[in-house]
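Heads up, the thing below is written out as C-alpha cells.
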Amino acid sequence: MTDEQLAGLAGYVLDGDHQAFERLYNETIGNVYRTLYMLTGSPRDAEDVAQEVYLELYRNIRKYDGSRSFRNWMYGIVVRQHSSFKRKRWREFRKEQKERERHSNEAVAKPVSARSQDATDDVMDNLDQLPDKLKQVLVLRYINDLSQQDIADALHIPVGTVKSRLSQALRRMRQMMGRDLHGESFGR
Amino acid sequence: MGNRLEGKEDWIAEMVARANAVQHPADLKNRVMEQIALKNESGKLLAAVRIDSFQDHDPIDAVIRELKPGMGKAIYFAGPMEEMFSQQTNYEAVTWEFGLEALRERAYPWTIYMPADTKLKRIEVYYGFDNATNEEIDEMKDESRRTGNRVIVRDLRPNDRLVGLRLQLAQDDFAFELRVFGTTKSRIHVPDMAAHTVESLKVRGHEAIFSANADKQQLIWAEETAEGMPVQYELSAEQADRNRLVSLAETLA
Chain A
1 MTDEQLAGLA GYVLDGDHQA FERLYNETIG NVYRTLYMLT GSPRDAEDVA QEVYLELYRN
61 IRKYDGSRSF RNWMYGIVVR QHSSFKRKRW REFRKEQKER ERHSNEAVAK PVSARSQDAT
121 DDVMDNLDQL PDKLKQVLVL RYINDLSQQD IADALHIPVG TVKSRLSQAL RRMRQMMGRD
181 LHGESFGR
Chain B
1001 MGNRLEGKED WIAEMVARAN AVQHPADLKN RVMEQIALKN ESGKLLAAVR IDSFQDHDPI
1061 DAVIRELKPG MGKAIYFAGP MEEMFSQQTN YEAVTWEFGL EALRERAYPW TIYMPADTKL
1121 KRIEVYYGFD NATNEEIDEM KDESRRTGNR VIVRDLRPND RLVGLRLQLA QDDFAFELRV
1181 FGTTKSRIHV PDMAAHTVES LKVRGHEAIF SANADKQQLI WAEETAEGMP VQYELSAEQA
1241 DRNRLVSLAE TLA
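So the protein lines, in turn, are chains A and B.
Residue numbers for the first sequence follow this note's numbering, beginning at 1 and rising by one.
Residue numbers for the second sequence follow this note's numbering, beginning at 1001 and rising by one.
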C-alpha cells in the first residue's frame, strides 16, 4: 500500500471507522514489528512496544498532517515509543530475558544456515551495543529504507544530525564487526 | 562508496536478512485492537483501557500478582543504568452502609446513575492510598544501597479518599453490577487472551468497549463531570449478552 493510501486510511480512522484502523494495522505491522525487533533485539519487547505504538497512533491520529508522509509520521512514533520503553523498562531483567529469547525463539527468525545464524547473532549483538540514537537511524535507513531526509522528518531532527549519527553508527558497527573500511564516505 | 553501503557490506546484508526473516506474532493483532481509547463526542480522550495478560517475567507484574485487596505497594528498583519508582494498588471493596443518597453526596462530582426498574442490593466503595513521600522514596534508595538489594518494596498507607464504588443490582432474576471510578486510566488484566473477545461500540454517545469471556461480560465507557473530570463506568454481569448490557447502559439516569 502506498503512503498516500495509508494517509487515506488514516482519514477514515479519524472519521471513527474502526475497520480502517484494523486495515492500517494490517498494512503496517510487518514493518513496525520488524523495526522494533531490530531496535529491541527481543520479540517480547517488540510486542510490548508495538502495542504502545498503535495506542499512540490511535490516540494521536488527529495530529497527523495529511499533507505529509504517513510512514514518516508512524516511524516517528515507533522511535519515540522505543525511547520511552528504554527509559521505563527494567533493563537488567530484560537483558537476561533477551539473551534467553534470542537463543531459544526459533519461530521468530529462521536463518538459512547455521553459519549465517552465527553471523546474524553477531550483527544483533553488536547492534545492541549501539547507543539508541545511532541504532535508530541505522535501522530506519537500512531496514526501513528511509532516506536521510525521511529520517530527519520522522525524528524531527536536522538532516545534518541524521548524517552524523549514521556515520557514527556505521563506523562503530564496522569496528565491532572487525571490518573497518578506513573512513569511507557515504551519502544519499 | 555509498553503493558499498547500499547493502553490499556483509554485515548490513546480514542485518537486513535478519530483519526480513522476522515475523510478527499473529495474536499481537488482538492485543493491539483491544487497546481502545475512550473519547467523548469532541474527541477528547477520557480514559484508556488496556487489556493484556500478566507477563511471567515482568517484576512489576510479579508484585501486582501478589497484591491482595486492600494492599498498595511502593516499589523502588535500582537498575545498572537507571532507577525506577512505581506504585501499585489493589483496592478493596468495603461495604457502604449509609445509603445511596449519602453516597451520591460523598461521590460528588461523579454522577451515580441507576438503570430503570432496578433493585439495589448492595453498595461497596473503594478507598485510595497515600502516595509515598519523597522522604520514604529516599529511604528506599538508601536501603537499596545499604543492602545491595535492587528491588525494595514497601506498603502504601490506605486513606479515606473515595476512588471508586460498586453497586450490585438486579432486574428481576438478572444480577449485574455497576462500577464507577474517578480515574483516567484502567488496566484490565486478562489471564487468557485467547478466550477473551473485545468489541468497540458507542454507548450513551461515548466510545465504549464490550469485553467478554465465558465467565464475565463487561461494558466500559467514560463520561465527564460538569467540571470536565473523566469518570469511568463499568457495567458487568455473568452470562449477559452485549445487547442486554448496552440496553441497561442506555437506561441509566
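We put the CB at the ideal spot given by N, CA and C, even for glycine.
Determine the chain A residues that contact residue i at a beta-carbon separation under 7 Å, and present them in chain order.
| i | result |
| --- | --- |
| B:R1031 | Q51 |
| B:H1024 | I29, G30 and Y33 |
Would a check of beta-carbon distances place residue i closer than 9 Å to chain A?
| i | result |
| --- | --- |
| B:L1005 | Residue placement at B:L1005 is flagged as unreliable, the pLDDT there being 45, under the threshold of 50; a coordinate-derived value is accordingly withheld. |
| B:P1191 | Annotation note: pLDDT 49 at B:P1191 (below 50); position unreliable, coordinate value reported separately. By this cut-off, B:P1191 is not an interface position. |
| B:A1237 | no |
| B:L1248 | no |
| B:D1010 | yes |
| B:L1252 | no |
| B:M1084 | yes |
| B:L1169 | no |
Give a yes or no on whether the minimum CB-CB distance between residue i and chain B is below 9 Å.
| i | result |
| --- | --- |
| A:E27 | no |
| A:G30 | yes |
| A:D125 | no |
| A:A109 | Residue placement at A:A109 is poorly supported in this model, since its pLDDT is 45, which falls under 50; the coordinates still yield a value, given next. Yes, contact with chain B. |
| A:F85 | no |
| A:M38 | yes |
| A:L6 | no |
| A:Y12 | no |
| A:D122 | yes |
| A:P158 | no |
| A:L146 | no |
| A:L55 | yes |
| A:K163 | no |
| A:K133 | no |
| A:S116 | Residue placement at A:S116 cannot be trusted, given a pLDDT of 45 that sits under 50; what the coordinates show is reported in the next sentence. Yes, because at least one Cβ of chain B sits closer than 9 Å to the Cβ of A:S116. |
| A:F21 | yes |
| A:V79 | no |
| A:V137 | no |
Let me make sure I understand the geometry here. Which of the options has the alpha-carbon closest to that of residue i?
| i | options | result |
| --- | --- | --- |
| B:T1197 | B:M1071, B:A1017 and B:R1031 | B:R1031 |
| A:E4 | A:M124, A:E27 and A:D15 | A:E27 |
| B:Q1239 | B:F1176, B:K1141 and B:H1024 | B:F1176 |
| A:L134 | A:D145, A:V13 and A:Q168 | A:Q168 |
| B:L1235 | B:K1029, B:M1114, B:E1101 and B:M1033 | B:M1114 |
| B:E1139 | B:R1244, B:I1075 and B:A1107 | B:I1075 |
| B:L1028 | A:N72, A:D17, A:D45 and A:Y12 | A:D45 |
| B:K1202 | B:F1174, B:R1242 and B:Q1217 | B:R1242 |
| B:G1205 | B:E1250, B:A1116 and B:D1173 | B:E1250 |
| A:A10 | A:M38, A:G41 and A:Y58 | A:Y58 |
| B:A1214 | B:M1229, B:Q1088, B:S1200 and B:A1237 | B:A1237 |
| A:W73 | A:V53, A:M38 and A:K86 | A:V53 |
| A:I129 | A:V159, A:S69 and A:L170 | First, the amino acid is wrong: residue 129 of chain A is Gln here, not Ile. Checking every option, the nearest Cα to that of A:Q129 belongs to A:L170. |
| A:D17 | B:Q1023, B:E1207, B:V1246 and B:S1247 | B:E1207 |
| B:R1106 | B:Q1232, B:L1162, B:K1141 and B:F1085 | B:L1162 |
| A:L39 | A:Q148, A:R71 and A:S83 | A:S83 |
| A:S42 | B:V1063, B:M1033 and B:R1018 | B:R1018 |
| A:F70 | A:Q149, A:R23, A:A154 and A:V159 | A:A154 |
| B:A1212 | B:G1228, B:I1012 and B:R1244 | B:R1244 |
| A:D15 | A:I61, A:L140, A:D65 and A:R172 | A:I61 |
| B:D1172 | B:N1020, B:A1116, B:L1100 and B:Q1023 | B:A1116 |
| A:Y212 | A:R34, A:Y12, A:L138 and A:L36 | Residue coverage of chain A in this structure runs from 1 to 188, which leaves residue 212 of chain A outside it and unanswerable. |
| B:I1012 | A:L140, A:K163, A:H156 and A:G160 | A:L140 |
Just to check, is the beta-carbon of residue i closer than 8 Å to a non-hydrogen atom of the ligand MG?
| i | result |
| --- | --- |
| B:E1224 | For the ligand MG, the structure offers nothing, since it holds no ligand at all. |
Under 8 Å Cβ-Cβ, which residues of chain B neighbour residue i?
| i | result |
| --- | --- |
| A:I143 | M1015, V1016 and A1019 |
| A:Y64 | Simply none; closest approach about 13 Å. |
Going along chain A, which residues have a C-beta under 8 Å from residue i?
| i | result |
| --- | --- |
| B:I1064 | Going along chain A, no residue has its Cβ under 8 Å from B:I1064, so there is no contact; the nearest lies around 14 Å. |
| B:L1028 | I29, Y33, E47, A50 and Q51 |
Assuming the contact rule is C-beta atoms closer than 8 Å, residue i and residue j should be a hit. Round their C-beta distance to whole Å, please.
| i | j | result |
| --- | --- | --- |
| A:V32 | A:A50 | 6 Å |
| A:Y142 | B:M1015 | 6 Å |
| B:Y1127 | B:N1159 | 6 Å |
| A:K86 | A:D132 | 6 Å |
| A:V79 | A:Q148 | Incorrect: roughly 15 Å between the Cβ atoms, too far for contact. |
| B:I1152 | B:E1143 | 5 Å |
Quick one: which chain A residues come within Cβ less than 9 Å of residue i?
| i | result |
| --- | --- |
| B:L1067 | By Cβ distance, chain A contributes nothing, its closest Cβ being about 18 Å from B:L1067, past 9 Å. |
Just the chain B side, please: which residues come within less than 7 Å of residue i by C-beta, in chain order?
| i | result |
| --- | --- |
| A:M177 | W1011 |
| A:M173 | W1011 |
| A:Y75 | What A:Y75 touches in chain B: nothing, since even the nearest Cβ is about 14 Å away. |
Would you check if the region 158–177 of chain A and the region 123–139 of chain A touch, i.e. whether three or more CB-CB distances between them fall below 8 Å?
Yes, they touch.
Are there three or more Cβ pairs, one per stretch, closer than 8 Å when the region 1217–1231 of chain B is compared with the region 1110–1124 of chain B?
Contact between the region 1217–1231 of chain B and the region 1110–1124 of chain B is present, because at least three Cβ pairs lie under 8 Å.
Would you call the region 1060–1070 of chain B in contact with the region 1086–1095 of chain B, where contact means no fewer than 3 C-beta pairs closer than 8 Å?
Three or more pairs of CB atoms, one per stretch, sit closer than 8 Å, so the region 1060–1070 of chain B contacts the region 1086–1095 of chain B.
Inspect the CB distances between the region 1202–1221 of chain B and the region 1147–1164 of chain B and report whether three or more fall short of 8 Å.
Flag = no, the region 1202–1221 of chain B and the region 1147–1164 of chain B do not touch.
Tell me whether the region 1116–1125 of chain B and the region 1166–1174 of chain B touch, counting them as touching only if at least three CB pairs, one residue from each stretch, are closer than 8 Å.
Yes: at least three Cβ pairs fall under 8 Å.
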